[in-house]
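Chemist: The listed protein sequences correspond, in order, to chains Y and S.
The first sequence maps to residues 1 to 296 in the working numbering.
The second sequence maps to residues 297 to 538 in the working numbering.
Can you read through this structure? Questions will come right after.
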Amino acid sequence: MRDTFVDTTTALLADDPRTALVLADISAALFAPAAARHPDRVLNVGIREQLMVGVAGGLALTGLRPIVHTYAPFLVERAYEQLKLDLDHQDASAVLVSVGASYDRPEAGRTHLSPADVSLIDTLHGWTVHVPGHPGEVAPLLRTAVAAETSAYLRLSVLSNDRPLGGDGALQVVRDAGPGAPLVVAVGPTLDASTAALADLPVTVAYTNRPRPFDTAGLRDRAGTDVILVEPYLAGTSSRVVSAALADRPHRLLALGVGREELRRYGSADDHTRWHGLDASGLRRSVLDFVSPVLH
Amino acid sequence: MTAITTTATIVEAAAPLDGRQPVAPLLERVRASREFGTNVYSTIDVLQVLYQRVLRVHPEAVDDPDRDRFLLSKGHAVAGYYAVLAAAEFFPADWLDDQGGPASRLGDHPDRMLVPGVEIGSGSLGHGLGLGVGSALGLRAQGRLEPRVYVLLGDAELDEGSNHEAITYAGTTGLANLTAIVIDNASATHGWPGGPAARFVVDGWTAATVDGRDHDALHTALTGHDGNRPHVVVAVVEPKEA
């Protein structure tokens, strides 16, 4: 996904003189050709994340469209007040693009895990959040985000599904079990494990790579009584949105995702997927526990 | 410093330099019999020199892309700022009478979305210089080489580490269209041995440290950039009362 991001951003910088890129050393080498062509619009401030976001706010105030990129915890957690004040409070906007996701590099330990990034962005108002499930989804999502005027967060990961799904962020039904069936909403890279886990069960599986704004109209169209969220970041991040969308109906919600506990374990990303119950067998176990009383 | 001495200093310092509305009575309208902190009085002279003699900004062209930018980073120094903006007719003086009220656009910290002429919303210390660096970079990237970006900070505000990210980056990359102004009323808890300017100069800025009450000295310093490097003006005023 990062390579696609680099190629697409390099093309955007060449095509649109309003576009600027702000870096804090991460990925700077990959953008060296773009920096050589556009030295005034490819700005590497060094390992200075507060300044990176402040600079983005200032660029936006002068009319540019900044793309801001680094590792997820440094972009969202370290510079959170800059997001709140240097962008939102100034009525300035930017496109943030992170790498690292919840546990792309777990051998690096807690400092490089960022399961709370989408929750933190969700405390802000009016942001679009894109969580691509495949490298092939990155370019159109990035182009859409940069072409818009509002702020967006694009969360890249080394984890992905086998195939890209297009679409505009509306819920896409991948497997339809008919009216009233439990609805599983899989976000981004969790889709393949979700479909594998539930292949023989009478549940509908829908996909989105745009959890904000959440497709609440599509959710209301598709949801029966039971809704299961599968998110690749903190479990429950989208619970409030689903609950509000279905407030006028009796419903049950199971929110799966990354746990809050610090595991203090290294290993691989696949290990962490399993430990958080987001692999196929873990998902199947959780979903069966939730829907079994209904199915029987 | 006694209250009486302070007031006398301000009325004298706030005398208008041209035919526009005097600043001192406007400041009194904002004050509305409340006690101001010394931070209000520490900035009033710099603000007057900027708006009367330095900044290329006009109330009828607050969105002109080629205007100079003034970013008040220490947003609590707001009363004098509002008085100076009202004197320059960025907004009606009667806005001053209800500052902080439920229908007022004038908070205890300024909001750029509510007050014409205000370039940034500030209040949390340590945000203005980063925004100023970004503004200077954005102007340069668009070939707008005439406008200059001025950011006003306090010596205590320099405690915030975000400033030092901006100081070093702007200095080492030679961001020539940026001026920082540090009001030094010796209020930083642990001080700045050698003076605030030293923190900038070591990274390649040009610097001038002047009497923050001397309008001609301020004017000379505020127009003293060399066109190749960022510039800092340290305006020294009376130490903040303990």
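Backbone N, C-alpha and C fix where the C-beta goes; we use that ideal spot for every residue, glycine too.
Against chain S, does A20/Y count as a neighbour if the rule is that its beta carbon must be under 8 Å from one of theirs?
Modeler: On the first sequence, position 20 is the one that residue 20/Y refers to. Yes, A20/Y lies at the interface with chain S (some Cβ there is under 8 Å from its Cβ).
Chemist: Taking Cβ positions only, does L435/S come closer than 8 Å to chain Y?
Modeler: Taking the first residue of the second sequence as 1, we reach residue 435/S at position 139. By this cut-off, L435/S is an interface position.
Chemist: Helix, strand or coil: which one does DSSP assign to N459/S?
Modeler: Position 163 of the second sequence, counted from the first residue, corresponds to residue 459/S. Three-state DSSP puts N459/S in a helix.
Chemist: When Cβ atoms are compared, which residues of the segment 76–107 of chain Y fall closer than 8 Å to chain S?
Modeler: Those residues of the segment 76–107 of chain Y that come within reach of chain S (Cβ to Cβ, closer than 8 Å) are E81, Q82, L85, D86, H89, Q90 and D91.
Chemist: Do you know whose CA, among S420/S, T475/S, L448/S and Y465/S, lies nearest E456/S's CA?
Modeler: In the second sequence, the residue the question calls residue 456/S occupies position 160. Of S420/S, T475/S, L448/S and Y465/S, the residue nearest in Cα terms is S420/S.
Chemist: CB A56/Y to CB G422/S, shorter than 8 Å?
Modeler: Working through the first sequence from its first residue, we reach residue 56/Y at position 56. Working through the second sequence from its first residue, we reach residue 422/S at position 126. Cβ distance not < 8 Å, so A56/Y and G422/S don't count as in contact.
Chemist: Which residues does DSSP list as the beta-bridge partners of G450/S?
Modeler: Taking the second sequence and counting its residues from 1, one reaches residue 450/S at position 154. Beta-bridge partners assigned by DSSP to G450/S: I479/S.
Chemist: Assuming contact is defined by CB atoms lying nearer than 8 Å, are V242/Y and L219/Y in contact in what I supplied?
Modeler: As a working note, residue 242/Y is residue 242 in the first sequence. As a working note, residue 219/Y is residue 219 in the first sequence. Closer than 8 Å, so yes.
Chemist: How would you list, in chain order, the residues of chain Y whose beta-carbon sits under 8 Å from the beta-carbon of S420/S?
Modeler: Counted from its first residue, the second sequence places residue 420/S at position 124. Neighbours of S420/S in chain Y, taken as residues at a C-beta separation under 8 Å, are given in chain order as E81 and L85.
Chemist: For the candidate residues Y71/Y, P33/Y and S292/Y, whose alpha-carbon lies nearest to that of L198/Y?
Modeler: What you label residue 198/Y is simply residue 198 of the first sequence in a count that begins at 1. The shortest C-alpha separation from L198/Y is found at S292/Y.
Chemist: Does the beta carbon of V429/S come closer than 8 Å to any beta carbon on chain Y?
Modeler: Locating residue 429/S in the second sequence gives position 133, counting from the first residue. Closer than 8 Å: yes.
Chemist: Output the residue ranges of the beta strand (DSSP E) runs that lie fully inside the segment 188–271 of chain Y and measure 3 residues or longer, sorted by chain position.
Modeler: 204–208, 226–234 and 252–258
Chemist: DSSP three-state label for V532/S, please.
Modeler: The residue given as residue 532/S occupies position 236 in the second sequence. Looking at V532/S - three-state DSSP - the assignment turns out to be strand.
Chemist: Determine the burial state of H521/S: buried for a count of at least 16 other Cβ atoms within 10 Å of its Cβ, exposed for fewer.
Modeler: Here the question's residue 521/S lines up with position 225 in the second sequence. Buried, by the Cβ-count rule.
Chemist: Quick check on V326/S: does DSSP put it in helix, strand or coil?
Modeler: Translated into the one-based positions of the second sequence, residue 326/S becomes position 30. The answer is helix: DSSP assigns V326/S an H, G or I state.
Chemist: Going along chain Y in order, which residues have a C-beta closer than 8 Å to the C-beta of I477/S?
Modeler: In the second sequence, residue 477/S corresponds to position 181, counting from 1. Here the premise fails: no neighbours, minimum Cβ distance about 17 Å.
Chemist: Would you call the segment 97–108 of chain Y in contact with the segment 262–270 of chain Y, where contact means no fewer than 3 C-beta pairs closer than 8 Å?
Modeler: yes
Chemist: Taking the runs of the beta strand (DSSP E) that are 3 residues or longer, which of them lie wholly in the segment 25–65 of chain Y?
Modeler: 42–44
Chemist: How far does the alpha helix (DSSP H) with H511/S in it extend, from its first residue to its last?
Modeler: Against the second sequence, residue 511/S aligns to sequence position 215. Start and end: H511 to L518.
Chemist: Measure the CB-CB distance between T19/Y and L142/Y and report whether it falls below 8 Å.
Modeler: Position 19 of the first sequence holds residue 19/Y. Position 142 of the first sequence holds residue 142/Y. No; because the gap between Cβ atoms is not below 8 Å, this pair is not in contact.
Chemist: Return the bridge partner residues of F366/S from the DSSP annotation.
Modeler: For this step, residue 366/S is matched to residue 70 along the second sequence. Y446/S.
Chemist: Please go through the same chain and pick out, in chain order, the residues whose beta-carbon is closer than 6 Å to the beta-carbon of F387/S, but skip the five residues on each side of it.
Modeler: If you number the second sequence from 1, residue 387/S lands on position 91. Excluding residues within five positions, the ones whose Cβ falls inside 6 Å are P412.
Chemist: Among all the DSSP beta bridges, which residues are the ones paired with R401/S?
Modeler: Sequence index remark: in the second sequence, residue 401/S carries index 105 (1-based). BP columns for R401/S are empty, so no partner.
Chemist: Using a Cβ cut-off of 8 Å (strictly closer), state whether G63/Y contacts chain A.
Modeler: The structure shown contains no chain A; its protein chains are Y and S.
Chemist: In chain Y, which residues lie less than 8 Å from P361/S when you measure between Cβ atoms?
Modeler: Counted from its first residue, the second sequence places residue 361/S at position 65. Result: T62 and G63.
Chemist: Going straight from the alpha carbon of V42/Y to that of T195/Y, what length do you get?
Modeler: In the first sequence, the residue the question calls residue 42/Y occupies position 42. In the first sequence, the residue the question calls residue 195/Y occupies position 195. Approximately 41 Å between the Cα atoms of the pair.
Chemist: Distance check for P321/S and A328/S, CA to CA, integer angstroms please.
Modeler: As a first step, residue 328/S is located in the second sequence; it is residue number 32 there, counting from the start. As a first step, residue 321/S is located in the second sequence; it is residue number 25 there, counting from the start. Their backbone Cα atoms lie some 11 Å apart in a straight line.
Chemist: Chain Y partners of Y465/S, CB-CB under 7 Å?
Modeler: In the second sequence, the residue the question calls residue 465/S occupies position 169. Residues of chain Y passing the Cβ test: V45, G46, R48 and L51.
Chemist: Ends of the alpha helix (DSSP H) at T436/S?
Modeler: Within the second sequence, the letter at position 140 stands for residue 436/S. The question names Thr, yet the displayed sequence has Arg at residue 436/S. It spans G424 to A437 - the alpha helix (DSSP H) in which R436/S sits, taken as one unbroken run.
Chemist: Quick one: give me the first and last residue of the beta strand (DSSP E) that V97/Y is part of.
Modeler: Taking the first sequence and counting its residues from 1, one reaches residue 97/Y at position 97. That run of the beta strand (DSSP E) goes V95 to V99.
Chemist: State the start and end residues of the unbroken beta strand (DSSP E) segment that holds L85/Y.
Modeler: Taking the first residue of the first sequence as position 1, residue 85/Y is located at position 85. Element bounds for L85/Y: n/a, residue is neither H nor E.
Chemist: Report the neighbours of H372/S on chain Y: residues whose CB is nearer than 8 Å to its CB, in chain order.
Modeler: To locate residue 372/S, count along the second sequence from 1; it is residue 76. Within 8 Å Cβ-Cβ: nothing; H372/S doesn't reach chain Y, min ~15 Å.
Chemist: Should P202/Y be labelled buried (16 or more other beta-carbon atoms within 10 Å of its own) or exposed?
Modeler: Taking the first sequence and counting its residues from 1, the one referred to as residue 202/Y is at position 202. When all chains shown are included, P202/Y counts as exposed.
Chemist: Residues of chain Y with CB under 7 Å from E461/S, in chain order?
Modeler: Counting from one through the second sequence, the residue named residue 461/S turns up at place 165. Result: R48, Q50 and L51.
Chemist: How big is the Cα-Cα spacing for A472/S and R365/S?
Modeler: The residue labelled residue 472/S in the question sits at position 176 within the second sequence. The residue labelled residue 365/S in the question sits at position 69 within the second sequence. Distance between the alpha carbons of A472/S and R365/S is about 14 Å.
Chemist: Rounded to whole angstroms, what's the CA-CA distance from E149/Y to A379/S? Just pull it up for me.
Modeler: As a first step, residue 149/Y is located in the first sequence; it is residue number 149 there, counting from the start. As a first step, residue 379/S is located in the second sequence; it is residue number 83 there, counting from the start. Taking the straight line joining both Cα atoms gives about 34 Å.
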